[in-house]
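**Student:**
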Amino acid sequence: MSNPPTKQAPEVVDHQIEKLTKDNEQLKLQIRNRFSYQTHHHVQEIPHLVDDWKEQAKNKWFENREKKGKDRCCPLTQEESEDLADAMIHNRETIISNLKVGNEGFEKQIEGLKQKSVGHLTDLIIERFEAFVVAREKMIVAVEKEKGELVEAKIQREQSEYSDHWIFKV
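Residue numbers are given in full-length UniProt numbering: position 68 of the sequence shown equals residue 68, and the series is strictly consecutive.
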């Protein structure tokens, strides 16, 4: 036995609809605010992620050195210093490449979202991806600068090494 629907006055129904509409708008606003906050948080994590990649590469190099029987605290030979520098330069190249490939993916997704909306958060998703691209571009510039400094330091070491060689002395 089901209860028959109760009849309510139109003004009561209108009031309930108005309240539900306000609640719905408030919920949408909360979701949008949370989404924006999360975007900011994710963007702030990008430099930390890049630093982690750098640290992982350095740790891997030292782990490989330990596998060869060298202690981590043992001073580096000149050859090991050069090898470490080469590994760090290669690491920076890999990071730059990965960031660029990632940005290409985000840019494709942005274009797709601009052409076809996926709901009431589409504008925020586009903003998030655009923020990722901007933050990653900044990281690309910073890592390219680091790579340039590493390459320059390597060149200077090589030049000073060769300038001390007996063949170059007059």
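Quick reminder that beta carbons are idealized off the backbone N, C-alpha and C, glycines included.
If you run the structure through DSSP and keep just helix, strand and coil, what is residue 118?
**Tutor:** Coil at residue 118, not helix or strand.
**Student:** Leaving out five residues before and five after residue 132 in sequence, what residues of the same chain have Cβ atoms less than 6 Å from its Cβ?
**Tutor:** Closer than 6 Å at the Cβ level, and outside the excluded window around residue 132, lie 106.
**Student:** When you compare only the Cα positions, how much space is there between residue 56 and residue 136?
**Tutor:** Approximately 19 Å between the Cα atoms of the pair.
**Student:** By a C-beta neighbour count over all protein chains shown, 10 Å radius and 16 as the cutoff for buried, is residue 29 buried or exposed?
**Tutor:** Label assigned to residue 29: exposed.
**Student:** Taking the runs of the beta strand (DSSP E) that are 3 residues or longer, which of them lie wholly in the stretch 51-120?
**Tutor:** The stretch 51-120 contains no whole beta strand (DSSP E) run of 3 or more residues.
**Student:** According to DSSP, is residue 142 helix, strand or coil?
**Tutor:** Note: residue 142 maps to helix in three-state DSSP.
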